[in-house]
Each structure stands twice: as C-alpha cells, then as structure tokens.
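Number of protein chains: 2
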Amino acid sequence: MQQLAPYSAYLENEINAIDFPKDPSNLYDPLRYFLSLGGKRMRPILTLLGAELFGESKENALSAALSVEVFHNFTLIHDDIMDEAPLRRNRETVHTKWNQNIAILSGDVLFVKGYQLLVKQKPEHLQPLIELFNKTAIEVCEGQQMDMDFESRKDVSIDEYIEMIRLKTSVLLGCALEMGAVIGNASETDRKHLYDFGQNIGIAFQIQDDILDLFADPDKFGKQVGGDVISNKKTLLNLHALILATDEQKQLLWKLSTETDYQVKIDKTKALYEIIGARAICENEMKKYHSIAMKSLEEIQIGDSAKQPLKALAEFLMNREL
Amino acid sequence: MQQLAPYSAYLENEINAIDFPKDPSNLYDPLRYFLSLGGKRMRPILTLLGAELFGESKENALSAALSVEVFHNFTLIHDDIMDEAPLRRNRETVHTKWNQNIAILSGDVLFVKGYQLLVKQKPEHLQPLIELFNKTAIEVCEGQQMDMDFESRKDVSIDEYIEMIRLKTSVLLGCALEMGAVIGNASETDRKHLYDFGQNIGIAFQIQDDILDLFADPDKFGKQVGGDVISNKKTLLNLHALILATDEQKQLLWKLSTETDYQVKIDKTKALYEIIGARAICENEMKKYHSIAMKSLEEIQIGDSAKQPLKALAEFLMNREL
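Structure below.
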C-alpha cells in the first residue's frame, strides 16, 4: 500500500537497528535471525498512525511501536513451538533451526526487550502504556490457550470462537493504536474509540483470513489454499457450516474430514460451504465487524482528514484478493 | 530463622491472595498450583527488608516484592521444561502435571503478572524499578543459556562459571534488594551498595550450594547428597578439582565419571576432592564473596542497627549445615 510505504521503510530500518549483545550467541543469534524475517509490520505502523492522529510525531512513538512489534515476534516464536511449525515466512522457525529450549529462552528475552523499548517512553505515560501492554499480553496468551483447548473440543460456539480470535490477534491491534493515542495525549474516550477501531478491524481481518484460506485465488494467495480444511481446523466457516447443515450435509462433512485425496477434500468442502451458506454468513460477519470499527473511528473527536491514513489502512486490510 | 518468620508469613498470605481468573483453566490452574508449592520466599523478603532499611514500610514495598517472587516462579516453570525436571519441591512440575505447551504459555502469563504487580508502585518509581527488573530478567535468561551451553563444553573456566551463577541466580537477589531501596528513596550510591551486597551474598550462597550438594550431612540435607556428581554436572568443586589435579588424579576423576555404582562414585569423588584441595578452595571463594558482600553493606549510609535484619539474613544463608 503506497501511502504506508514510508512508515514500513522507517520501521524496517529501526527494527534492523535493534541492538542485541553478541553473547550468549545461542540466545541472541535466534533473535537477530527472527526479526530479520520481515513481515508486514502492521502493528507498529498502527502505533505511529495512532500518535500522528493526535498530532504527535512518529519519532516520539517509535519505541512503543517497536515494543509492539517485538512482543508480536516473541509470541510467534513461542506459538511456533506449541504448534510444532517447521516454517515461518518460508524460513525455518527458531525451534527448528536451533532447538526448543533456545526458542523458549530467546522468546523470553525478546519479551523483556519489548518492555525495555516501552520504558523509553516519557515517564508520565509509563503507567498507562505498561498497564495496556500487560493487559494485552495476558489476553494474547489467553487466546492462544483457548485456541489450543479448541483442538480437542467438539462444542465450540461461534461466540467462543470470536472471543478466541479477539484475544489471540485483535486486542494487539487495539493496543498498538491506543498506545499511539496515549503518547499523543488523547482523551480517555478517544483512546477507547481508537482501541475499539483496532480491535474490530482485527476481528474482521481474522474472519477474512478464515474465508481466504479456502476461497482465495491460488495464484494470488501467498500460501496453500485449503490448509485449514486439510488439517480439519476449526474456523468460522467450519463452525457456521456445522450449525447450518442438514443432517445429510453433516454426514457429508463428517466423511470429508477423513478424505485422503486433499484436492477432492478441498473442492468438495468448498462447494458444500457455498451451498450451506457458510461463506455468505462469514462474509456478513466480517462486514459487521468492519462497520463497527468504522463507527468507532467516526466517533473520535478529530477532523476527517487526519483519519484518512487509518481509513486507507482499514480499506487495504479488508480488500485482500478473494 | 526466627527473626524473618513474620515476613515469611506476611508474604505467604499475600502470595496466596494473588488473583487469577478462572478461565482458561488450563492457563491459570497451573499457576495457582505452582505458586502454592511454597519455597523460602527469600527474594521478596529481601525487597521488604531493602525498603525498611531506608525507612519505608513493608506494605508499600509489597507489590514489588511479589513481582520478584512471581518472576522467580516464572523462571522455574520454564527452567523445569528445559531441564526436563519431573519434580519441583517434591511435587510434579507444570510440564509433567499438564503438558509442555501449557508450561510455556502459563509461564509467559506469570511473567506478565510480575509486571502487573510492579506497575502498582508509585509512578515516580516506575522507570527505575522497571529498568532494573528488565535488566535483571535478561541477565537471568543469559545465565540460564550459559548453563545450558556449559553442558556440551569442556573448557569452562572458573571465571565463566562464576559469571554464570552471578547471572542465573545472584543478580535477582541484588535486584530484589535494590527495588526495596528505590521504594525507600535511597541515594544512587546506597542503592548500588545494597545491590552489590545481594549479588555477592548470592554468589557465596550458590558456591555453598555446590559444596553442600556433595558434603552435606545426608540426614540434614533436603535432597539427595551427590546429585551433581552422579549426573557429572559442572560445579565449582568439579572445575577446581580438574585444574588442581595431577595427571593421575585426572585419570581417576575421568574413570569415576563413568562409574555406575553411585555410592562408590560419590564416596570416591568426595575423597578425591578433599585430597586435591577443591573443597578448601571453594570454601575460600565462598568466604571471599561473603566478605565482599558484608563490606558493601557496611558502606551504606545508615545506622548499624537498621542493618541488623540483613546481617542476620546473610548469616542465616551462610550457615546451612555442612
């Protein structure tokens, strides 16, 4: 996205400049490696935009933005262990390239690094910033635990699923934006609106992710289409399909879960989700959260032109290729 | 130790009162369980004593004291995974009682809880407290990494070993005390002296631990005597013995490392360490760090009577049964 390119470039540069000691190399080499793997850097961009919305410079919000990105990378290192993921951004994960103990410990250190960056902010902002960061960090862990618990549960409700994605991924977007608002001395009310904007955009984005995983154009999608279906992962599509399905369709879905020809499994599941109406209902939910988000943005007591970058970002996030 | 009993009781009570949500129970049950396993609560006592030394009430230092104890327990949960330890204080470790993923994630949450407790301190103390906490947390991880690296190394020097125990265990004692000093508005110089006192007592204590592991009276020692020898662990005794040994003694030690009759292994190693002089040199090192610690305590610009509890604590720590 053209408009955000200068922010990405600025952050990429600053992320590369994060300094780690040489020794113990088994602790710090994995962190240099992992942070260099890149990513959209969406979360720290949100902090910079949040600060600018209230007239504060992006430079003054930088250390908080970096703390959010560093925290996000810490969660990825630990999540990759828990998910036994061999790859991240097409490169080896830390526990694969080194070992699991090193991934646990270097993750822990990266988490502290997040606090070290955050504590560089002005003393008068420390209490609200750290309280927000703490609350969010705990929620992200709760979301990850719920996600793991869901694997062995057969009675996950739509509400529980939405709560899981809210905690696991969306609260961090809200937090990233609100940190910017704190640094920009926004009112409590505006802070809350900006947080809600981020959180609801996050939920909409995550629902879109579930849809894209199955319905994306394989030529334009960065990863394998149908991955969630192959692994029988619980997604919003899947949960809605099971609720809406007739007994016969349920039988079919049940059969498909053990289908070993993956292309057949994907194609038939996809067709069934369309017929059942699961795709349509998920798209509606996505639009609902997007619209709640935009209303929160409207509520903020700032002129429309200042909100333009955030609106553009929300549009960008919601218009990935289907 | 009689004099510290009221502090222990006060802290035990407050640790039991730390509140965790009910759900997700797989995240929070392990924390309720682990914190209830007890322990000497030595680190939070240090924070309370540090504050009282400078005339501040223990109540005002409480949340910082709890943050140190909570942090310590977080490191134990993660260390137990890395060390594949089945038991902690004769009870199952978290990764044994639940599973490894739960131990990683609930450990992460406990770490955040430490920051949540610390941020309850007065706003004007937040920056120094959190900076000290961050620095210490990183050092503890570095110490753990060094310890793991040592397992596969044959050239560990005495200096490296001391640096490892300083980072892994001693800096947290210094941090616990200095936090109390920050809360008690001590001067920078006094803060530094109190930190040094804690750090050097910690090193002396850890050296004593190495000695006790082999030379303690089995009837009075809480755990199996000779555990380090059985597992061929690098300890200060072992490193000094290898430096001081004649070629013949080195051969003997080498042979003993593969001895399968553990009682023979322990008895012969013990006798050899005495003859070589490894025990004596370790006891001297222990006394050296103890004496450096006591000098730092002397330097603090506070009347002698106020220092009495800390002196008593140092005596207590250094006079475990040999």
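Heads up: the protein sequence lines correspond to chains D and H, in order. Quick note: to get the numbering used here, add 1 to the position in the first sequence (first position is 1). Quick note: to get the numbering used here, add 1 to the position in the second sequence (first position is 1). We put the CB at the ideal spot given by N, CA and C, even for glycine.
Ignore the nearest five residues each way along the sequence and tell me which others in Asn233/D's own chain have a CB closer than 7 Å to its CB. Ser258
Beta-carbon proximity list for Val1/H, same chain, < 6 Å, skipping 5 on both sides: Here chain H comprises residues numbered 2 to 323, so residue 1/H is not present and cannot be evaluated.
State the start and end residues of the unbroken alpha helix (DSSP H) segment that holds Lys269/D. 263-277
Output, in chain order, the set of chain H residues within a Cβ distance shorter than 8 Å of Pro25/D. Glu143, Gln146, Met147, Asp150
4 or more residues per run - each alpha helix (DSSP H) lying fully within the stretch 144-222 of chain H: 159-166, 172-184, 189-216
If you compare alpha carbons, which of Gln101/D, Leu38/D, Ile82/D is closest to Arg92/D? Leu38/D
Taking one C-beta from the stretch 118-129 of chain H and one from the stretch 86-101 of chain H each time, how about it: are there three or more such pairs within less than 8 Å? no
In the structure shown, what three-state DSSP assignment does Glu13/D receive? helix
One question on the structure: do Phe35/D and Leu111/D come within less than 9 Å of each other, judged by their Cβ atoms? yes
Counting only beta-carbon separations shorter than 9 Å, does Glu125/H have a partner in chain D? yes
Within-9 Å CB hit, Val120/H to chain D: yes
DSSP-derived helix/strand/coil call for Leu88/H: strand
Cβ pair count under 8 Å reaching 3, the stretch 230-244 of chain D against the stretch 20-29 of chain H: no
Residues sharing a beta bridge with Glu93/H, DSSP: Leu88/H
Beta carbon of Leu243/H, beta carbon of Leu254/H: below 9 Å? yes
Which residue's Cα is closest to the Cα of Lys313/D: Leu77/D, Asn61/D, Leu298/D? Before going on, a small fix: residue 313/D reads as Ala here, not Lys. Among Leu77/D, Asn61/D, Leu298/D, the Cα nearest to that of Ala313/D is on Leu298/D.
Mark Val306/D as exposed unless 16 or more other C-beta atoms lie within 10 angstroms of its C-beta, in which case mark it buried. Position check: residue 306/D holds Ser in this sequence, whereas Val was assumed. With fewer than 16 Cβ atoms within 10 Å of its Cβ, Ser306/D is classed as exposed.
Can you pull the chain D residues whose beta carbon is under 7 Å from the beta carbon of Tyr116/H, in chain order? Tyr116, Ile131, Asn135
How would you call Pro22/H, buried or exposed, if buried means at least 16 neighbouring beta carbons within 10 angstroms? exposed
If we ignore side chains and look at the alpha-carbon of each, how far apart do Tyr263/D and Ser107/H end up? 36 Å
Throw me the rounded Cβ distance for the Met287/H and Gln209/H pair, which I believe falls under 8 Å. 5 Å
Assess contact between the stretch 132-146 of chain D and the stretch 215-233 of chain D, defined as three or more Cβ pairs (one per stretch) separated by less than 8 Å. Is contact present? no
Measure the C-alpha to C-alpha separation of Ile212/D and Lys155/D and round it to an integer number of angstroms. 21 Å
Beta-carbon proximity list for Leu323/H, same chain, < 8 Å, skipping 5 on both sides: Note that Leu323/H has pLDDT 49, beneath the 50 cutoff, so the model's placement of it is unreliable and no number is given.
For Met83/D, which residues in chain H fall below 8 Å Cβ to Cβ? Asn102, Ile105, Leu106
Leu77/H CB to nearest chain D CB: under 9 Å? no
Scan the stretch 93-144 of chain H and note each continuous alpha helix (DSSP H) run of 4 residues or more that stays entirely inside, going in chain order. 95-98, 101-119
Under a Cβ-count criterion, where at least 16 other Cβ atoms within 10 Å of its own Cβ denotes burial, should Thr158/D be classed as buried or exposed? The amino acid occupying residue 158/D in the given sequence is Ser; Thr does not appear at that position. Exposed, because fewer than 16 other Cβ atoms sit within 10 Å of the Cβ of Ser158/D.
Between Leu323/H and chain D, is there a C-beta pair that is closer than 9 Å? Because the pLDDT of Leu323/H is 49, which lies under 50, any placement of that residue in the model is unreliable, and the question is left without a value.
Can you round the beta-carbon distance between Ile78/H and Ile82/D to whole angstroms, since I take them to be within the 8 Å contact cut? At roughly 14 Å, the Cβ-Cβ gap does not stay under 8 Å, so Ile78/H and Ile82/D are not in contact.
Return helix, strand or coil for Ile301/D, following the three-state DSSP convention. coil
So, are the CB atoms of Ala62/D and Glu53/D less than 9 Å apart? yes
How far does the alpha helix (DSSP H) with Asp27/D in it reach, from first residue to last? Going by the sequence as given, residue 27/D is Asn instead of Asp. Here the alpha helix (DSSP H) through Asn27/D covers 26-36.
When Gln3/D, Lys308/D, Arg42/D are compared against Glu15/D, the one with the closest alpha-carbon: Arg42/D
Which of helix, strand or coil DSSP assigns to Glu60/D: helix
Residues of its chain near Tyr116/H, where Cβ-Cβ distance is below 8 Å and the 5 sequence neighbours each way are ignored: Ser68, Ile131, Phe134
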